[in-house]
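Enquirer: Residue numbers (our numbering), protein chains in the order written: chain A, 1 to 251; chain B, 252 to 502. Cβ coordinates follow ideal geometry from the N, Cα and C atoms, glycine included. Below you will find the structure I want to go over with you.
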DNA sequence: AATTTTCATTTGTCTGACATTTAAATGTCT
DNA sequence: AGACATTTAAATGTCAGACAAATGAAAATT
């Protein structure tokens, strides 16, 4: 492992990169201990602070964990699904929030990917998944529910559907698409009539899942996609109209 | 923004968390400048080193960028698709590599998600996407190609298919599933006969995309999934047999 | 043998210093 | 007045050295 002290990049970034490559490339295996900060500083010919900054970068990506005390140090971390989940959702949320992705684009992606789970989920879902879906439907039908809680329950419902496919890789990949939609959905205010229709479609999905009918799940998802899009459209239209009205009175 | 100095967690992690929440929560907007390290140190009542470690954590997630010099500092970064891509692929690759996900599970997820793109891609793909697919097929048919290069071309082919859906959110989400499979695929040695069959299926996919026939793309993908799985199975079987043989002679 | 104490090691944090970069402010010349 | 060169202040990047806190191993004690 060697670095170029003349490069324009920060030394800590270069060092982090070198160690990251070693981990990703399999040269450092899970639970293996890295040299101590002092030793790394000597190896890379930098100060301990610089090494520490590099290690913090890796820790932020859950690539290493650190332990204090004698026989402590930095260890290559086994990346857990939970850690990966969290990071993936954060990144996806920011990506959607910062890049003015249209609601339709995000929505289209989400439902297309979710339909990819429909068949597998109908086939493999267990009683727990179904129970979760039913429970969330009940919650969604409660009258006093806030819009945020309604959206959160919506996410929980769909996550149960996705998890029903019993494929952790799919659950992980889908997490980004499903959860990152929540802030966008939160921009919508749902009328009682809207919620009724969404609950109806969720029931359709749950029924299809119960009957292990993947095609029906898929069809219901498509219908829900369409309804969500028109709902968002009407909300945005109303908002745009409100904007132009107030602009008209202001000037 | 306040932190708890009595918490078990590192101060730098707490500070990073606080700033991260502010960014994700929209309290800090894109391109906004954070206070200088010295000011942050004062606000959080920690030393500058601790603040720096926190900032490095955020930089590792591409949440901020730093600029030196007067009027420099840390700025909230607009998360680009490229940055998110890279991170997503790295994480997905590690996740698959470190958690002994079965080849079948990963393969199933990849093709299920890819089929989710089939319809949109057939509908929207432009001439470039098709040209890329054709070009990669030509490359894959070349006799001298190494297994690694063959796999890389395979990834490029499928990425073109996914990108054809013209939905950046899908491209981003799919990147993890498609690219992270490459190391797994690299464990397979492809005979000339294997490659022939894969090229044939790729041609089927390209033909279907050219004809804007999403259903045919989907069918071909399913066939390719099946072939890939049996191929991997035979390789693993052979390897297991070799293992037990050598184990038998060694002891 | 079990328990306690000591101890060396390692990370976490702080302080203070200097180098480097950068853009604004200032000065100078035409 | 405008173009160009110089200075300067502010900020990050890096370093060195120190101490605190944690932690498990080894030694000492009961």
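Taking 6 Å as the limit between beta carbons, can you name the residues of its chain near residue 376 of chain B, skipping five residues before and five after?
Expert: As a position in the second chain, residue 376 of chain B is number 125, starting the count at 1. Contacts found: 415, 460.
Enquirer: Quick one: list the residues of chain B neighbouring residue 101 of chain A, beta-carbon separation under 9 Å, in chain order.
Expert: Indexing the first chain from 1 puts residue 101 of chain A at position 101. Ordered by position in chain B, the residues that pass the 9 Å Cβ test against residue 101 of chain A are 419, 420.
Enquirer: At the level of alpha carbons, what is the spacing between residue 82 of chain A and residue 219 of chain A?
Expert: Reading the first chain from its first residue, position 82 is the one you call residue 82 of chain A. Reading the first chain from its first residue, position 219 is the one you call residue 219 of chain A. If you take the alpha carbons of residue 82 of chain A and residue 219 of chain A, they lie about 31 Å apart.
Enquirer: Pull up the DSSP beta-bridge partners for residue 78 of chain A, would you.
Expert: Here residue 78 of chain A refers to the residue found at position 78 when the first chain is read from its first residue. Note: residue 78 of chain A sits in no beta bridge, so no partner.
Enquirer: Buried or exposed: residue 187 of chain A, going by 16 or more other Cβ atoms within 10 Å of its Cβ?
Expert: Position 187 of the first chain holds residue 187 of chain A. With fewer than 16 Cβ atoms within 10 Å of its Cβ, residue 187 of chain A is classed as exposed.
Enquirer: Which same chain residues, not among the five before or five after residue 203 of chain A, have their C-beta less than 7 Å away from its C-beta?
Expert: Taking the first chain and counting its residues from 1, the one referred to as residue 203 of chain A is at position 203. Here the set comprises 137.
Enquirer: To which residues of the same chain is residue 28 of chain A closer than 6 Å at the C-beta, ignoring the five residues directly before and after it?
Expert: Reading the first chain from its first residue, position 28 is the one you call residue 28 of chain A. Correct list, in chain order: 22, 76.
Enquirer: CA-CA distance, residue 265 of chain B and residue 86 of chain A?
Expert: Reading the second chain from its first residue, position 14 is the one you call residue 265 of chain B. Reading the first chain from its first residue, position 86 is the one you call residue 86 of chain A. Separation of residue 265 of chain B and residue 86 of chain A (C-alpha to C-alpha, rounded to the nearest whole angstrom) is 16 Å.
Enquirer: Which chain B residues sit within Cβ distance under 7 Å of residue 12 of chain A?
Expert: Locating residue 12 of chain A in the first chain gives position 12, counting from the first residue. Residues of chain B passing the Cβ test: 307.
Enquirer: Residues in the region 66-79 of chain A with C-beta within 7 Å of chain B's C-beta atoms, listed in sequence order?
Expert: 78, 79
Enquirer: Run down chain A in chain order and give the residues with a C-beta less than 8 Å from the C-beta of residue 511 of chain B.
Expert: No answer is possible for residue 511 of chain B: the residues shown for chain B start at 252 and end at 502.
Enquirer: Looking at the C-beta of residue 227 of chain A, does it have a partner C-beta in chain B at a distance below 9 Å?
Expert: Locating residue 227 of chain A in the first chain gives position 227, where the first residue counts as 1. Chain B contact via Cβ: absent.
Enquirer: Are any of the Cβ atoms in chain B nearer than 9 Å to that of residue 146 of chain A?
Expert: Numbered from 1 along the first chain, position 146 holds the residue referred to as residue 146 of chain A. Not closer than 9 Å to any Cβ of chain B, the Cβ of residue 146 of chain A fails to qualify, so no.
Enquirer: Using the Cβ count rule (16 or more neighbours within 10 Å means buried), how would you classify residue 179 of chain A?
Expert: As a position in the first chain, residue 179 of chain A is number 179, starting the count at 1. The residue in question, residue 179 of chain A, is buried, as its Cβ has 16 or more Cβ neighbours within 10 Å.
Enquirer: Using 9 Å as the limit for Cβ to Cβ distance, is residue 61 of chain A near chain B?
Expert: Numbered from its first residue, the first chain carries residue 61 of chain A at position 61. Output row for residue 61 of chain A: interface = yes.
Enquirer: Rank B/403, B/287, B/446, B/381 by C-alpha distance to the C-alpha of residue 433 of chain B and give the top, closest one.
Expert: Locating residue 433 of chain B in the second chain gives position 182, counting from the first residue. Checked all of B/403, B/287, B/446, B/381; the closest Cα to residue 433 of chain B is B/403.
Enquirer: Would you mind listing the beta strand (DSSP E) stretches within the region 149-218 of chain A that are 3+ residues and don't spill past its ends, in chain order?
Expert: none
Enquirer: Applying the 10 Å Cβ sphere with the 16-neighbour rule, what's the burial state of residue 512 of chain B?
Expert: The requested residue 512 of chain B is not part of the displayed model; chain B covers only 252 to 502.
Enquirer: Check whether the Cβ atoms of residue 282 of chain A and residue 175 of chain A sit closer than 9 Å, and answer yes or no.
Expert: No answer is possible for residue 282 of chain A: it lies beyond the span of chain A, which begins at 1 and ends at 251.
Enquirer: Looking at chain B, is there any beta carbon in it that lies within less than 9 Å of the beta carbon of residue 158 of chain A?
Expert: What you label residue 158 of chain A is simply residue 158 of the first chain in a count that begins at 1. It does not: the Cβ of residue 158 of chain A has no partner Cβ on chain B nearer than 9 Å.
Enquirer: In chain order, what residues of the region 370-386 of chain B put their CB closer than 9 Å to some CB of chain A?
Expert: 370, 371
Enquirer: Could you please give me the residues that DSSP links to residue 73 of chain A through a beta bridge?
Expert: Position 73 of the first chain, counted from the first residue, corresponds to residue 73 of chain A. By DSSP's assignment, residue 73 of chain A forms a beta bridge with A/67.
Enquirer: What separation, rounded to the nearest whole angstrom, lies between the Cα atoms of residue 315 of chain B and residue 262 of chain B?
Expert: Stepping through the second chain from its first residue, residue 315 of chain B is reached at position 64. Stepping through the second chain from its first residue, residue 262 of chain B is reached at position 11. Rounded to the nearest angstrom, the two C-alpha atoms are 19 Å apart.
Enquirer: Mind listing the chain A neighbours of residue 357 of chain B? Cutoff is C-beta to C-beta under 7 Å, in chain order.
Expert: Locating residue 357 of chain B in the second chain gives position 106, where the first residue counts as 1. Per Cβ cutoff of 7 Å: 169.
Enquirer: Pairing CB atoms from the region 47-65 of chain A with CB atoms from the region 290-307 of chain B, are three or more of them under 8 Å?
Expert: yes
Enquirer: Taking Cβ-Cβ distances below 9 Å as the criterion, which residues of the region 194-217 of chain A are in contact with chain B?
Expert: none
Enquirer: So which of B/480, B/321, B/481, B/311 has the shortest CA-CA distance to residue 284 of chain B?
Expert: Numbered from 1 along the second chain, position 33 holds the residue referred to as residue 284 of chain B. Considering only alpha carbons, the answer is B/321.
Enquirer: So what's residue 376 of chain B in DSSP terms, helix, strand or just coil?
Expert: Working through the second chain from its first residue, we reach residue 376 of chain B at position 125. Three-state result, residue 376 of chain B: coil.
Enquirer: Quick check on the burial criterion: 16 or more other C-beta atoms within 10 angstroms. Buried or exposed for residue 73 of chain A?
Expert: Numbered from 1 along the first chain, position 73 holds the residue referred to as residue 73 of chain A. Its Cβ being crowded by 16 or more others within 10 Å, residue 73 of chain A is buried.
Enquirer: Would you say residue 239 of chain A lies against chain B (beta-carbon separation less than 9 Å)?
Expert: In the first chain, counting from the first residue as 1, residue 239 of chain A sits at position 239. The beta carbon of residue 239 of chain A does not come within 9 Å of any beta carbon belonging to chain B, so the residue lies off that interface.
Enquirer: Identify each residue in the region 286-307 of chain B for which the Cβ-Cβ distance to at least one residue of chain A is less than 7 Å, and report them in chain order.
Expert: Hits within the stretch, in order: 300, 303, 304, 307.
Enquirer: Judging by CA-CA distance, which residue of B/329, B/399, B/348 is the nearest neighbour of residue 24 of chain A?
Expert: Your numbering for residue 24 of chain A matches position 24 in the first chain. Ranking the options by Cα distance to residue 24 of chain A, first place goes to B/348.
Enquirer: If the cut is a Cβ gap below 9 Å, which residues of chain A does residue 429 of chain B touch?
Expert: Within the second chain, the letter at position 178 stands for residue 429 of chain B. Neighbours of residue 429 of chain B on chain A: none; closest Cβ ~10 Å, over 9 Å.
Enquirer: Using a Cβ-Cβ distance cut-off of 9 Å, determine whether residue 94 of chain A contacts chain B.
Expert: Counted from its first residue, the first chain places residue 94 of chain A at position 94. Cβ-Cβ to chain B under 9 Å: yes for residue 94 of chain A.
Enquirer: Counting contacts by CB-CB distance shorter than 9 Å, is residue 185 of chain A in contact with chain B?
Expert: Sequence index remark: in the first chain, residue 185 of chain A carries index 185 (1-based). Chain B contact via Cβ: absent.
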